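First the structure, in the form of structure tokens, and then the observations on it.
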Amino acid sequence: MGNEGGSAWVFGENIDTDQLAPGGTLKSGIEVIASHCLGALSPDFAKRVRLGDFVVGGRNFGIGSSREQAAQALCHLGVAAVIAPSFGGIFYRNALNFGLLALVCPDAGSISQGDQLSVNPEKGSVQNLTRDEEYSCDTVPSHLMEIVSAGGLVPYLEANRR
Amino acid sequence: MGSTLAEKLISHAAGKEAVRPGETVTVRVDLAMMHDSSGPRRIAPILERLGAEVWDPDKIVLVSDHWVPAVDPQSAEILDITRRWARANNIKAFYDMVGICHVVLPQGGHLKPGMFVVGGDSHSTTGGAFGCYMFGIGATDMAGVLVTGETWIRVPDTIRVEWHGKLRPGVCAKDINLALCARLGLGGAEYRTVEYTGSLVDAMDMEERMTLCNMAAELGAQAGLIAADETTCDWIRATGSDPGDASPWQSDDDADYYATHSFNADELEPQVAAPHSPANAAPASKHSGVHIDQAYIGACTGAKLADLRMAADVLGGRQVASGTRLLVAPASRKDMMAANAEGTLTKLMEAGAIMMPTGCGACAGFGGGVLAEDEVCISSTSRNFQGRMGAQSAKVYLGSPYAVAAAAVAGEIRDPREFLQGA
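Chains A and B supply the protein sequences, listed in that same order. Using the working numbering, the first residue of the first sequence is number 3, and each one after it goes up by one. Using the working numbering, the first residue of the second sequence is number 921, and each one after it goes up by one.
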């Protein structure tokens, strides 16, 4: 899970759900929403982000609406994990529900655009391969890690209801 | 050690004697509220995939308020899906285009002290004004609730926010919210619960309490709570519901709070938050003179009957400035009818207000009333994130209904007390 390494896309504080999933796109399917994800801040992000890359933010990442398309859009684009010092509470739940790791990492500010990262959520660490640094992050509680490992709440419920 | 109101509500829902912050518990859900945007169009495919039925149709309230009225085939389809799902699943509490969920829910008598409620919308914190635990979740989480009747919660710490003193004329709960955002910061509550207390809160009517709890969301709180009292119970009775016994649902005197903030409202001035964050709040006078293209009175935050009355206090006998437009989208049909019957609506319309359908509307960039590039708006809503109300370069200031009405009349931001008798 995200252990192979990927590039960091670094954003600032208070990345809100309107920036992740703009209201005007919400009528559409996830492909359209994802193509606008973070577009106001980084017009190239949706086009250039690659499978296994990481999104790094400042505090309050995902604050705002309960629209889960904010997390789903990042998933759809192949983002392996979001790393930030703190998250909007609803976004955090939504991310895990889509199997997207949201890692609370106080040192996220040490990461620069393009740094190669890998993460170990069970151990609670983020490795910065570019800078040869390691940052600690909160571990994801085991019952939530089960949901993430299953690929999200729906596949988890699917497996556990049988 | 005693328990906070939040801990009591959560432990009751978890079927436990007591819970402590940090503990993760499974809770039984008394009521699940959804709207057209996060509701059936997103949860129906999940239920289908799981081959599951809703756990209890009588514990579901469904409100079409986001994409109303439809403006194109896509939004019409969303509303159609919502109606068909309500019918197919025998949802009796379905409110179709009669108001915004956070206002319709209590007005329908669905909220009572002691309940544990989830809502598919971030401003679900509003429900905490009724002494129940209500918080917002996403659609997949909601699907989990609909299948199992349960969800999980990590018991939050409680931050106590006390307000004492008396609000000056022209100052209201919205100003308290903006001042709190400036003081504690956007997301400053870090998903803890905020409990509002103090003599000022005790003296507030239910609509002002709802406004207070509504913007706990901007503080980043999981829930915003106010312990129920006679004001709460009387209001619930007036909807035709039985509030039950509210006495168990109070924080203990020896409860442990993460922090307590105490404020006095005597000196609080009308607030206006500059683009693009509610935390950019300052006294309205600081922004005096900023030209306004659009003044918007709307949303669960700022278009309830009490809010419409505030606007009318400023607008009565005045005209909206040339070069400025005033849009008013009442929060519910009930509020609109009451405002009509008492003459409040007439005052707004005679001043030149453009009446919009009741619903979430331009607050979240849906429906009519969105902004063009570089336009400047002042809004009685809760969020002024960049691009939220339309074009990316549009600028949105937040203020109370008084402040929005004052800006509509002046064509620029002003301290609304300039337009109020006795203020």
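Here a beta-carbon is modelled for each residue, glycine too, at the ideal position from N, C-alpha and C. Remember, it's a predicted structure, so these values are computed and weren't measured experimentally.
Buried or exposed by the 16-neighbour rule on C-beta atoms within 10 Å, applied to residue i
i                : result
S1042 of chain B : buried
E33 of chain A   : exposed
P1190 of chain B : buried
T1113 of chain B : buried
K1224 of chain B : buried
Q994 of chain B  : exposed
R1 of chain A    : There is simply no residue 1 of chain A to check, as chain A begins at 3 and stops at 164 in what is shown.
E1110 of chain B : buried
N1184 of chain B : exposed
D1125 of chain B : exposed
D1174 of chain B : exposed
E148 of chain A  : exposed
K1032 of chain B : buried
S1182 of chain B : exposed
Minimum Cβ-Cβ distance from residue i to chain B less than 8 Å
i               : result
L159 of chain A : yes
S88 of chain A  : yes
V156 of chain A : yes
N96 of chain A  : yes
G4 of chain A   : Residue confidence is low: G4 of chain A scores 43 on pLDDT, short of 50, so the model does not pin down where it sits. Its coordinate-derived value is still stated next. It does not: the Cβ of G4 of chain A has no partner Cβ on chain B nearer than 8 Å.
D18 of chain A  : yes
L28 of chain A  : yes
T132 of chain A : no
W11 of chain A  : no
N162 of chain A : no
I85 of chain A  : no
G91 of chain A  : yes
Residue-chain proximity (residue i, chain A), Cβ-Cβ < 8 Å
i                : result
I963 of chain B  : no
L1106 of chain B : yes
Q994 of chain B  : yes
I998 of chain B  : yes
F1014 of chain B : no
Y1322 of chain B : no
I966 of chain B  : yes
R1238 of chain B : no
Y1111 of chain B : yes
F1036 of chain B : no
G1342 of chain B : no
R1303 of chain B : yes
Chain-ordered neighbours of residue i on chain B, where CB pairs are closer than 7 Å
i               : result
A152 of chain A : In chain order: nothing, as chain B lies at least about 12 Å away.
A68 of chain A  : For the sequence presented, residue 68 of chain A should be read as Ser rather than Ala. The answer, in chain order, is S958, G1040, D1041, S1042, G1056, I1057, G1058.
G25 of chain A  : A1284, G1285, F1286, R1308
I1 of chain A   : Only positions 3 to 164 of chain A appear in the structure, and residue 1 of chain A is not among them; the question remains open.
N99 of chain A  : G1058, T1060, D1061
Residue(s) in a DSSP beta bridge with residue i
i                : result
D18 of chain A   : A:I65
F56 of chain A   : A:A10, A:A83
L951 of chain B  : B:V1037
N1184 of chain B : B:H1084
S1299 of chain B : B:Y1216, B:L1318
S984 of chain B  : B:D1016
H1196 of chain B : None; H1196 of chain B has no bridge partner.
H1211 of chain B : B:E1332
N122 of chain A  : A:S127
F89 of chain A   : A:F63
M1275 of chain B : B:V1248
V106 of chain A  : A:A86
Neighbouring residues, chain A, relative to residue i (Cβ below 7 Å)
i                : result
Q1214 of chain B : Chain A residues near Q1214 of chain B: none, gap ~17 Å exceeds 7 Å.
Q1312 of chain B : A42
G1064 of chain B : L155, L159
Listed by chain order, chain A residues near residue i by CB distance under 8 Å
i                : result
S1300 of chain B : In chain order: nothing, as chain A lies at least about 18 Å away.
L1318 of chain B : In chain order: nothing, as chain A lies at least about 14 Å away.
S1197 of chain B : N16
R969 of chain B  : V156, E160
Partner residues on chain A for residue i, Cβ-Cβ distance less than 9 Å
i                : result
Y1178 of chain B : The premise fails here: Y1178 of chain B is roughly 15 Å from chain A at the closest Cβ pair, so nothing lies under 9 Å.
T944 of chain B  : P143, H145, L146
V1067 of chain B : L159, R163
Chain B residues whose Cβ lies nearer than 8 Å to that of residue i
i              : result
I45 of chain A : Reading the sequence as shown, one finds Pro at residue 45 of chain A and not Ile. None at all; the shortest Cβ gap to chain B is about 11 Å.
Near the ligand FAD: residue i beta-carbon under 7 Å from a heavy atom
i                : result
R1103 of chain B : For the structure depicted, the ligand FAD is absent and the ligand set is empty, with no information on it obtainable.
- If contact means a Cβ-Cβ distance below 7 Å, which residues of the segment 1071-1104 of chain B contact chain A? none
- Residues within the segment 1130-1150 of chain B neighbouring chain A, beta-carbon criterion of under 7 Å: Listed by position along the chain: G1140, Q1142.
- Task: Select from the segment 47-62 of chain A all residues with a C-beta closer than 8 Å to any C-beta belonging to chain B, and list them in chain order.
- Result: R61, N62
- Item | Interface positions of the segment 1200-1230 of chain B facing chain A (Cβ-Cβ less than 7 Å), listed along the chain | none
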